[in-house]
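Going by my numbering, the letters in the sequence shown line up with residues 21 to 85, in that order. Here is the structure we will look at.
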Amino acid sequence: PSDEWNIYAFHFSDGDNWSREDNKACAEILHSRLLPRVNLFGYGQVESTYGSGEFIDFLDEHVKS
């Protein structure tokens with residue numbers, strides 16, 4: 021439990037989800053299931069020549085730090 025242990029979750033991605041709906045689903049999972057259980061969540065996005073890489077912008081808009 022996060023009240024007894026420091027739990028840090030990190031995720032690295034190219035930021036390319038299938039759709040805007042996938043971005044919304046990921047944000048909902050973060051809010052409802054992951055963030056309440058961890059002390060810190062970190063997201064790193066690598067540059068990619070393929071795909072949109074828009075997920076980091078979506079997180080900036082929809083997930084408060």
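For glycine and all other residues, C-beta sits at the position ideal for the given N, C-alpha and C.
Using the three-state DSSP reduction, which class does Ser52 fall into: helix, strand or coil? Here Ser52 sits in helix by DSSP.
On the DSSP letters alone, give me the boundaries of the alpha helix (DSSP H) that Asp23 sits inside. Counting along the chain, Asp23 falls outside any alpha helix (DSSP H), and DSSP gives it neither H nor E.
Output needed for Gly64: all residues of its chain with C-beta closer than 6 Å, excluding positions within five of it in sequence on either side, in chain order. Excluding positions up to five away in sequence, the list reads Phe32.
Ile76 to Glu24 span [Cα, whole Å]: The C-alpha of Glu24 is placed about 30 Å away from the C-alpha of Ile76.
At what residues does the alpha helix (DSSP H) containing Asp77 begin and finish? Run containing Asp77: 75 to 82, per the alpha helix (DSSP H) assignment.
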